[in-house]
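Protein chains: 2
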Amino acid sequence: MADINSLLVASPDGAAAVPAETAEDTALVDLIELFFFAYRDFVADPDQILAPIGFGRAHHRVVHFVNRHPGMRVTDLLDILRITKQSLGRVLRELVDEGFVESRAGASDRRQRLLYPTPKGEALAREFVAIQSRRIARALAASGSESGTNARRFLLAMINPENRANVERLIARADEIQRTGRR
Amino acid sequence: MADINSLLVASPDGAAAVPAETAEDTALVDLIELFFFAYRDFVADPDQILAPIGFGRAHHRVVHFVNRHPGMRVTDLLDILRITKQSLGRVLRELVDEGFVESRAGASDRRQRLLYPTPKGEALAREFVAIQSRRIARALAASGSESGTNARRFLLAMINPENRANVERLIARADEIQRTGRR
DNA sequence: GAATTTATGTCAGCCATGTTGACTTTTTCG
DNA sequence: CGAAAAAGTCAACATGGCTGACATAAATTC
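Protein sequence lines, in the order shown, are assigned to chains D and G.
Just so you know, the first sequence maps onto residues 289 to 471 in our numbering.
Just so you know, the second sequence maps onto residues 289 to 471 in our numbering.
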């Protein structure tokens, strides 16, 4: 813990001692900004697809995750997106009305509404994945042989420790569904 | 270009041929989602600081960049944030009114309004950098010796090619200002 | 079997932050 | 001088967050 904290700029509480910036501080601030710029361009990609069909970024996120996890519960989606039921409800209703997502009662627990992409929803999700994958593939190609593994490790480590296991499980399950073609 | 495209899922136009998912596709989709989750937690950090003072994420972004580039023009900030003058104007007015940012006419070109952090603004910016740097330092420590360099390369490559040089110049200039203590 | 809890949905209203369009002022530059 | 640039402002609107209150159906618990 001490070695980590030594990398950081002084807390503003300790107003007396504001140390000179170290090279390590500089590298960290650079990464803060690069992360911002990279994400800014990354999420702008789907906008081209969204604009013509009158949807926004909230629709993108829902379509993407429902497609990756066919049959997921509303609760699961809420936990992923970290928004309220009401916010999700609005977007979800539009997607169901326009035939991108279908909601069926759960077989074992019939209170649940399980979310599935329609063929139309799947096609849209594929467009999103295609355009964002293209950017990532370009970035990996431009940054060395181990860059895929490195990026994965770094991004995972950026996630809150208490969420990390969940995210890993979620992604592994989605990959498995895709691999086996299970529905 | 061909080798990059071979990594990608089929475009939904070519509806006839939907190939089986490859391991490369899977890795790319995983990174799409890891990027989402990492950014979700990354931008949630400053919220703790923002909530008590009644500011939002838009205020965070402005305070951060004004602090990193003391004396920047309004136009420069608009180009970084990619929002409209009107959206920025609202947030900027609040920050000026509450004494976090100062706006002075440019010396050589007096049409310009150059933006400076006040001491109060600098202190706030330091809090933001501290909390976000802590997360990044933790992530780097957890993901190997070269992870800083790797993350930097990857994030830079994720930025639109036409923006990349600008971002590099911007960051280099900010680091220089911080290093030399120039104001 | 009744009471409670859970999963979901919905109404109403508010807030933050993005947008477009039109227009003004000041200053610089050709 | 006239055009262009930098900035600011007013008005109206859209998106996507939020809280609070409440309803329904199904599962679970006592």
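Glycine is no exception: its CB is placed at the ideal position from the N, C-alpha and C atoms.
Note that the structure is a prediction, hence the values are computed from the model and not measured.
Query: Beta-carbon proximity of alanine 429 (chain G) to leucine 443 (chain D), cut-off 9 Å; Result: no
Query: Residue-level contact to chain D via CB, glutamine 420 (chain G), 9 Å cutoff; Result: yes
Query: Limits of the beta strand (DSSP E) - the one that glutamate 390 (chain G) falls within; Result: 389 to 393
Query: Alpha-carbon to alpha-carbon, threonine 310 (chain D) and glutamate 434 (chain G); Result: 18 Å
Query: Chain-ordered neighbours of tyrosine 404 (chain D) on chain G, where CB pairs are closer than 8 Å; Result: Per Cβ cutoff of 8 Å: no residues; tyrosine 404 (chain D) is ~18 Å from chain G at best.
Query: Under 7 Å (Cβ pairs) to chain G, residues found in the segment 314 to 337 of chain D; Result: Thr314, Ala315, Leu316, Val317, Asp318, Leu319, Ile320, Glu321, Leu322, Phe323, Phe325, Ala326, Tyr327, Arg328, Asp329 and Phe330
Query: Tyrosine 404 (chain G) - partner residues in DSSP beta bridges; Result: G:Glu390
Query: Per-residue DSSP class, three states only, for arginine 370 (chain D); Result: coil
Query: One or two residues paired with methionine 360 (chain G) in a DSSP bridge; Result: G:Leu403
Query: Residue-chain proximity (asparagine 451 (chain G), chain D), Cβ-Cβ < 9 Å; Result: yes
Query: Span separating the alpha-carbon of glycine 387 (chain G) from that of phenylalanine 343 (chain G); Result: 13 Å
Query: Reference arginine 440 (chain G), options D:Ser431, D:Leu403, D:Arg457 and D:His348, closest by Cα; Result: D:Ser431
Query: Collapsed DSSP secondary structure at alanine 462 (chain D) in the structure displayed; Result: helix
Query: Neighbour-count burial assignment, glutamate 321 (chain G), 16 or more Cβ in a 10 Å radius; Result: buried
Query: The alpha helix (DSSP H) enclosing glutamate 312 (chain G), as first and last residue numbers; Result: 311 to 332
Query: Beta carbon of glutamine 466 (chain G) nearer than 9 Å to that of arginine 349 (chain G); Result: no
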